[in-house]
Amino acid sequence: MENILISPGKFRLDGGAMFGIIPKPLWNKVHPADEYNRIDLDLRLWIIKDQDRIIITDTGIGDYHGEKFDQQFDVRQEQSPLVKALADKGIKPEDVTDLVISHLHFDHVGGMVYKDGDNFKPVLPNVTIHLHREHWQYALNPTLRDSGSFHKKYFKDIIEEFDKAGRVHWLTGKEGEILKLSNDTLRFKCSYGHTPHLVHPYTSEYIYLADLIPTSNHVHVPWVMGYDIAPGQTTVDKMEFLKMIIEKDLTVIFEHDPKYASAKVTQNERGKYICKDLQ
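Structure representation (C-alpha cells):
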C-alpha cells in the first residue's frame, strides 16, 4: 500500500477569516498575509494506492470558475489541474476507483467536474463516491451564512447521476468504515464545527484533517477559522481528534498548509498541542 500526496494548485483566502478571533499580529508572524490580507493556501489531496484500488480524498477547486473568481481567490494552477497532478504520479483519471469527499465546499469538490461546452462532466468517471448522507442533505439546504461555500450547480447533478448508478456509498453516523484495504481499513470520523458531518478519513498511519485543522498553525486548539458555523464546537472536536491522533500515533495530513504537508502531534510541558516532525 502506497500513500501519495498531490497538489493540483494553490489559492488564497482572507487571513482574518482563516484564523477567526486570533489577533493578526499573532497569526501574521507564522502565516504572512499579502496586501489584500489574504494568506497562501494549498489544495493538497491524499491518494492511497492499494493493489487494485486507487483512492483519492477531495479534488481541489476546479478550473472553470472564470477570471473574476480566480483573481478574487488568487487561484494558481494549470488547466485540468487534477488530471495533471495525477499524471505527475503516473495515474490516469479513469484508473481512480474511489473518491472520498470530506465535505462539499467548492475548494474541496470543485475539481470533481470539468466543463464540456455548457455541461459539466466527472473528471474521475469510474469512481465510487464515499460521502456522508447527512452532510449531503445539509449541503443542499445550508444556512445563508455558509451557502456561498456550496456550489451546488457543479456537484449536485453529478452526485445524483452516480447515486442512480449505484456508485455512491452513503456514510452514516459519527464514525465508521469506508472500505477494507489489503492490510488495513480506511475508516472515518466526523467533526461538526466547520460544517455538519465533515468526514475525516484515516488508516492506522494517516488521517486527513481537511478544514478541522487546515494548516499546521491550526493545531493550536483556540486557532479556529471564522468560516466555521460553530467555532466553539470546533474546539471540542479538535481536542477529541488530537487525543485520538496521539493515542493512535497517526500522521496528520494538512489539506491547506502551503509549507508543510504532514506532521506528528504531541503535547508540550504545558499540555499544549504542538506539531513535530513537520514534513
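The opening residue of the sequence shown carries number 1 in the UniProt record's numbering; numbering runs sequentially from there. Cβ coordinates follow ideal geometry from the N, Cα and C atoms, glycine included. Please read all numbers here as calculations on a predicted model, not as lab measurements.
Check, Outcome
"Among the candidates H135, G66, G16 and I253, whose CA atom is the shortest distance from the CA of residue 360?", "Shown here, the chain extends from 1 to 279; a query on residue 360 therefore has no answer."
"Given E175, which residues of its chain have a CB within under 8 Å of its CB, disregarding the five upstream and five downstream residues?", "R187, F188, K189 and C190"
"Let me check understanding here. Comparing Cα to Cα, which of I246, T235, H169 and L250 lies closest to I207?", "L250"
"Please report the Cβ distance between G62 and V113, rounded to the nearest whole angstrom; I am assuming they are in contact, meaning their Cβ atoms lie under 8 Å.", "7 Å"
"From this set, D116, K180, D88 and Y64, which residue's C-alpha is nearest D52's C-alpha?", "K180"
"With 16 as the cutoff for other CB atoms within 10 Å, does I101 come out buried or exposed?", "buried"
"What does DSSP give as the partner residue(s) for T185 in the beta ladder?", "K180"
"Using the Cα positions of P81 and T59, report the straight-line distance between them to the nearest angstrom.", "9 Å"
"My guess is that D40 and K10 are in contact by the Cβ rule of under 8 Å, so how many angstroms apart are they, rounded?", "6 Å"
"For T235, does the three-state DSSP call read helix, strand or coil?", "helix"
"CA-CA distance, D70 and Q77?", "10 Å"
"Should S149 go down as buried or exposed, given a rule of 16 or more other Cβ atoms within 10 Å for buried?", "buried"
"Let me check one thing: in DSSP terms, what residues is L13 bridge-paired to?", "I39"
"With the cut-off set at 9 Å, would you say D257 and R44 are in Cβ contact?", "yes"
"With C-beta atoms as the reference, is L212 less than 9 Å away from T234?", "yes"
"In whole angstroms, what is the alpha-carbon distance linking Q279 and H132?", "30 Å"
"Kindly list the residues whose CB is nearer than 6 Å to the CB of G15, restricted to its own chain and excluding five residues on each side of it in sequence; keep chain order.", "A33, N37 and I39"
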